[in-house]
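> Heads up: the sequence shown runs through residues 6 to 449, numbered per the working numbering.
Before anything else, here's the structure in question.
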Amino acid sequence: MNNQDEGLKREIGVWGLSANMVNIIIGSGIFVLPAIVAGILGPASIIAYAFCGLLVLLIMLCYAEIGSKTTSSGGGYTYVVTAFGKYPGFLVFLLGFIARICAIAAVANALVDTLAVVFPVFHAYSIKFVFFVLLFFGFASINILGVKQGVGLVKFNTIAKLLPLVLLIVVGFFFIDTDNLKWTATPSLQHVGEASLVLFFAFTGGPTGLIVGGEIKHPERTVPRAVIISIVFLILFYIAIQIVVQGVLGSRLSPEMASPLAVAGQVVFGPMGFTFILLGTAISMFGNVSGQTLNTPRSLFAVSRDGVLPIKAFQKIHKKFATPCNSILTFSTLGFLFAASGGFRTLAVFSVAGALLGYATVSLAVLKFRKMPEMKNKGFTIPGGIAVPLISIVISLFFLYHLKVIEIISISVFLVIATILYLGLYRIRQFTKRESGIKKQLHK
Numbered sequence: 006m007n008n009q010d011e012g013l014k015r016e017i018g019v020w021g022l023s024a025n026m027v028n029i030i031i032g033s034g035i036f037v038l039p040a041i042v043a044g045i046l047g048p049a050s051i052i053a054y055a056f057c058g059l060l061v062l063l064i065m066l067c068y069a070e071i072g073s074k075t076t077s078s079g080g081g082y083t084y085v086v087t088a089f090g091k092y093p094g095f096l097v098f099l100l101g102f103i104a105r106i107c108a109i110a111a112v113a114n115a116l117v118d119t120l121a122v123v124f125p126v127f128h129a130y131s132i133k134f135v136f137f138v139l140l141f142f143g144f145a146s147i148n149i150l151g152v153k154q155g156v157g158l159v160k161f162n163t164i165a166k167l168l169p170l171v172l173l174i175v176v177g178f179f180f181i182d183t184d185n186l187k188w189t190a191t192p193s194l195q196h197v198g199e200a201s202l203v204l205f206f207a208f209t210g211g212p213t214g215l216i217v218g219g220e221i222k223h224p225e226r227t228v229p230r231a232v233i234i235s236i237v238f239l240i241l242f243y244i245a246i247q248i249v250v251q252g253v254l255g256s257r258l259s260p261e262m263a264s265p266l267a268v269a270g271q272v273v274f275g276p277m278g279f280t281f282i283l284l285g286t287a288i289s290m291f292g293n294v295s296g297q298t299l300n301t302p303r304s305l306f307a308v309s310r311d312g313v314l315p316i317k318a319f320q321k322i323h324k325k326f327a328t329p330c331n332s333i334l335t336f337s338t339l340g341f342l343f344a345a346s347g348g349f350r351t352l353a354v355f356s357v358a359g360a361l362l363g364y365a366t367v368s369l370a371v372l373k374f375r376k377m378p379e380m381k382n383k384g385f386t387i388p389g390g391i392a393v394p395l396i397s398i399v400i401s402l403f404f405l406y407h408l409k410v411i412e413i414i415s416i417s418v419f420l421v422i423a424t425i426l427y428l429g430l431y432r433i434r435q436f437t438k439r440e441s442g443i444k445k446q447l448h449k
């Protein structure tokens with residue numbers, strides 16, 4: 006698969022990829038989670054951030070290893086199809102692709118709702134509709150113009166979304182009441198586990214940032230460095246936010262508080278602080294949409310490239326800009342339709358389960374890659390033998406076990422439907438091959 010992305014340009018370096026992953030991972034969750042985690046653990050909340058961050062780092066190390074050895078676009082799909090074949094790869098693709106459409110539609114709606122708090126005009130559906138058109142197709146146009154432009158926008162969005170949070174951390178440090186951070190009791194393992202389960206999903210999204218594998222410069226070095234930089238940065242960043250918000254608000258920080266960071270901003274910066282942090286939330290969501298538009302279309306390009314999805318239009322690369330233009334337009338159109346119609350709510354129920362299944366499968370793929378002669382001595386290898394991949398599989402299964410029954414039923418039904426769809430596509434591919442063979446014979 007190493008030469009299949011020949012038409013794409015390798016423009017993404019370590020800092021571009023790191024920014025890409027940070028931009029994808031930091032969504033709207035961190036603006037709400039400090040109150041929820043504090044409600045479970047109180048002043049000991051930082052334990053959950055450190056513990057959960059370590060679990061996510063172990064999973065992402067698996068992506069770092071396998072991403073350094075596989076230099077084609079597609080992310081988890083490409084890793085799994087290389088290790089286990091087209092059927093498992095197709096399932097991972099479809100789960101991830103639909104989950105990301107639901108995610109981008111949900112974030113776009115949350116973005117409009119956030120803007121409506123400051124600008125009530127966004128409550129009108131006509132304004133919301135026009136905004137969605139500009140948002141989705143504006144980002145599509147920028148990303149079609151080139152991966153360099155897409156990554157440039159991601160870098161800008163990452164800085165823009167981090168700036169208000171960094172200011173809150175730096176200035177808020179001087180407003181901390183240390184009594185609010187004193188432990189009154191050591192938290193139980195059960196409570197740490199409960200808080201980690203909630204926090205886990207604030208760290209997810211990193212694998213999406215690796216879908217652009219065919220456009221990463223020197224992936225054998227860039228991928229592991231970017232993964233470690235981004236995840237370690239996020240662990241420290243999230244802990245700093247929790248310390249400041251908890252130190253400033255103290256007992257006022259409760260699970261019922263809808264915007265704890267905005268309330269902390271009001272205390273630190275005065276009356277305008279609430280609006281300042283609220284707009285920071287909007288910028289964060291804006292950046293998440295731009296990041297999804299950069300990354301996810303490459304997975305659609307990859308399944309078409311490999312013939313798993315027999316629609317050649319999706320593998321088209323723009324002659325001038327060297328970007329998968331049709332895949333970008335298709336993803337943006339689907340995101341727009343789901344956002345405008347509210348259809349994402351129906352399918353969002355299995356997006357978490359799909360992400361966890363993807364993590365477990367990629368962790369298994371690491372073990373398979375190590376036995377493949379062409380991959381064995383290539384790229385980055387996680388120290389410690391099979392320990393990290395095995396722990397990553399256990400972590401994924403642990404979180405799957407704690408899903409709601411409706412989520413487990415939904416993912417099971419989806420896998421059955423996806424299997425039937427794959428078999429149908431397989432028949433189409435076989436028929437197309439036979440037709441092509443007959444035509445070649447007739448031309449001889």
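Glycine included, every Cβ here is placed at the ideal spot set by N, Cα and C.
Nothing here was measured: the structure is a model prediction, and the numbers come from that model.
(1) When the Cα atoms are used, what is the spatial distance from F274 to T213?
(2) Rounded to a whole number of angstroms, what is the C-alpha to C-alpha distance between F95 and Q154?
(3) So which of K376, V371, Y364 has the shortest CA-CA distance to F403?
(4) In three-state terms, what does DSSP make of I316?
(5) Please work out which residues of its chain come closer than 8 Å, Cβ to Cβ, to A327, disregarding the five sequence neighbours upstream and downstream, and give them in chain order.
(6) Does the region 255 to 266 touch the region 219 to 229, meaning 3 or more C-beta pairs lie closer than 8 Å?
(7) State the DSSP-derived secondary structure class of I221, mapped to helix, strand or coil.
(8) Going by DSSP, what residues sit across from Q17 in a beta bridge?
(9) Using only the alpha-carbon positions, how far apart do T83 and L369 sit?
(10) Can you grab the Cα-Cα spacing for the pair A269 / Q297, in whole Å?
(11) Please list the terminal residues of the continuous alpha helix (DSSP H) segment that includes D118.
(12) From L186, I109, L173, pick the residue whose C-alpha is nearest to that of T280; which is it?
(13) Below 8 Å on the Cβ atoms is my contact criterion, and I expect S304 with I216 to pass it. Report the Cβ-Cβ distance as a whole number of Å.
(14) Classify A245: buried if its beta carbon has 16 or more other beta carbons within 10 angstroms, exposed otherwise.
(15) May I ask which residues mark the beginning and end of the alpha helix (DSSP H) holding R257?
(16) Could you compute how far the alpha carbon of A145 sits from the alpha carbon of I31?
(17) Just to confirm, are L22 and A231 a CB contact at a threshold of 8 Å?
(18) Taking C-beta to C-beta, are I181 and F374 nearer than 8 Å?
(19) Report the three-state DSSP secondary structure of H196 (helix, strand or coil).
(20) When you compare the region 414 to 423 with the region 383 to 396, are there three or more beta-carbon pairs, one atom per stretch, that lie closer than 8 Å?
(21) Could you check what DSSP says for P388 in three-state terms: helix, strand or coil?
(22) State buried or exposed for M277, treating a residue as buried only when at least 16 other CB atoms are found within 10 Å of its CB.
(23) Sort P265, K91, M290 by Cα distance to G44 and report the nearest one.
(24) For G211, count the other beta carbons within 10 Å of its own beta carbon; 16 or more makes it buried, fewer makes it exposed. Which is it?
(25) Would G252 be called buried (16 or more neighbouring beta carbons within 10 Å of its own) or exposed?
(26) Mark G81 as exposed unless 16 or more other C-beta atoms lie within 10 angstroms of its C-beta, in which case mark it buried.
(27) Sorted by chain position, which residues of the same chain lie with C-beta nearer than 6 Å to N7's C-beta, five sequence neighbours on each side aside?
(28) Using CA coordinates, which residue listed in G285, L361, F206, G255 is at the minimum distance from K166?
The relevant details are as follows:
(1) 35 Å
(2) 29 Å
(3) Y364
(4) coil
(5) G12, L13, K14, G151, V152
(6) no
(7) strand
(8) Note that residue 17 is Ile in the sequence shown, not Gln. Answer is I221, bridged to I17.
(9) 14 Å
(10) 29 Å
(11) 91 to 123
(12) L173
(13) 5 Å
(14) buried
(15) Here R257 belongs to no alpha helix (DSSP H), and DSSP marks it neither H nor E.
(16) 21 Å
(17) yes
(18) no
(19) helix
(20) no
(21) coil
(22) exposed
(23) P265
(24) buried
(25) buried
(26) buried
(27) Note that N7 scores a pLDDT of 46, beneath 50, so its modelled location is shaky; the value from the coordinates is reported in the next line. These residues qualify, in order along the chain: T76.
(28) G285
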